[in-house]
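Below is one structure, written out as structure tokens; the observations come after it.
There are 2 protein chains.
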Amino acid sequence: METYDTNNQDNVKAQMRKGVLDYCILSILAKKDAYASSIIKELKDAKMIVVEGTLYPLLIREKNQGFLSYRWEESPQGPPRKYYSITEKGRRQLAEMDLAWKEIVETMNLLRQQ
Amino acid sequence: METYDTNNQDNVKAQMRKGVLDYCILSILAKKDAYASSIIKELKDAKMIVVEGTLYPLLIREKNQGFLSYRWEESPQGPPRKYYSITEKGRRQLAEMDLAWKEIVETMNLLRQQ
DNA sequence: TTTAAATACCTTGTATCGCAAAGTATTATT
DNA sequence: AATAATACTTTGCGATACAAGGTATTTAAA
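Residue numbers (the numbering used here), protein chains in the order written: chain G, -15 to 98; chain R, -15 to 98.
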């Protein structure tokens, strides 16, 4: 059973307003496959702090929407890692997010002009 | 009783991620006093759709945080209007939001560079 | 051999937000 | 009076972000 954000297109912008984290995650994974802990490190470096309790459900949601897939890989130390990849559908979503983000940035520029 | 976002400064950015509506409202009111229906119209023109059920609680929250004040004014037609004004504290908050927004936009630019 | 440390994934409960929908109130028009 | 137009408010729901705690695997130390 899917939720309200499956029709896509029309409400990408509405969702964008709620937070940019989904956009961040897809952007990161568009460049390179990664696992949760490494994504957290990358976001921390970019000063966009995220904690595990936020990221794991988010990755699961994006996977359930078909934007991501994953595979297990051995780690040099510790338990195996769940590497996520962006899918074709994820790349299309990312393209829509780019447009929505651009519009929001332009709107804010307009609103902030005195 | 205040909530988690009263310490200010540290979490402006975290809040910003949740949505840009607060930023929009303060931006609009920084230019000119306005009442709810006129704010909705202005946001609609800027393609940032907001409905009453979103805006009214938001205005009340910002008023409770001391970012806004209001006064009643007669309307040429219909019931009186509640005109909101941004306060000094609201302007300081807006300045912090400007910084937080700038950082988020820069972060997204970085993350979207292939 | 047990214990601890490091790494990694996952879940639960809470506060908050955005929205649809319904409700209340005032004024002007019919 | 009844209706329309305007404006403010509240309720209930679904979704998000986070703190906190939990589970599991591997390696190193005691």
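Where is the CB? At the ideal position from N, CA and C, for every residue including glycine.
Nearest-angstrom beta carbon gap, residue j and residue i [assumed within contact, 8 angstroms]
| i | j | result |
| --- | --- | --- |
| Leu10 of chain R | Gly74 of chain R | 6 angstroms |
| Leu42 of chain G | Leu5 of chain G | 6 angstroms |
| Met32 of chain G | Thr91 of chain R | 5 angstroms |
Proximity winner among the options, relative to residue i (alpha-carbon distances)
| i | options | result |
| --- | --- | --- |
| Asp17 of chain R | R:Ser69, R:Glu36 and R:Lys47 | R:Ser69 |
| Arg65 of chain G | G:Phe51, G:Ser22, G:Trp85 and G:Gly50 | G:Ser22 |
| Lys28 of chain G | R:Ile88, R:Ser59 and R:Gln97 | R:Ile88 |
| Leu52 of chain G | G:Glu72, G:Val34 and G:Ser59 | G:Glu72 |
| Met81 of chain G | R:Arg76, R:Glu80, R:Met81 and R:Arg96 | R:Arg96 |
| Gly50 of chain R | R:Lys15, R:Arg76, R:Leu83 and R:Trp85 | R:Arg76 |
Per DSSP, the bridge partner or partners of residue i
| i | result |
| --- | --- |
| Trp56 of chain R | R:Lys66 |
| Ala84 of chain G | Partner(s): none; Ala84 of chain G has no beta bridge. |
| Ala20 of chain R | Ala20 of chain R pairs with nothing; no bridge assigned. |
Under 8 angstroms between C-beta atoms of residue i and residue j
| i | j | result |
| --- | --- | --- |
| Leu106 of chain R | Ile24 of chain R | Shown here, chain R extends from -15 to 98; a query on residue 106 of chain R therefore has no answer. |
| Tyr7 of chain R | Tyr67 of chain R | no |
| Gln98 of chain R | Lys15 of chain G | yes |
| Ala30 of chain G | Leu83 of chain R | no |
Legend entry - Residues from the region 23 to 34 of chain R in contact with chain G, defined by Cβ distance under 8 angstroms: If the cut-off is 8 angstroms between Cβ atoms, the region 23 to 34 of chain R has Ala30, Lys31, Met32 and Ile33 near chain G.
Inset, instruction - Using a Cβ-Cβ cut-off of less than 8 angstroms, give me the residues of the region 75 to 88 of chain R that come near chain G, in sequence order. - result: Of all residues in the region 75 to 88 of chain R, Asp82, Trp85, Glu87 and Ile88 have a Cβ within less than 8 angstroms of some Cβ in chain G.
Inset, instruction - Residues of the region 40 to 55 of chain R with a CB closer than 9 angstroms to any CB of chain G: list them in chain order, please. - result: For the region 40 to 55 of chain R, which is checked against every Cβ of chain G, not one residue is closer than 9 angstroms.
Legend entry - Short-range partners of chain R found in the region 54 to 71 of chain G, where Cβ spacing is below 9 angstroms: Result list empty, no residue passes.
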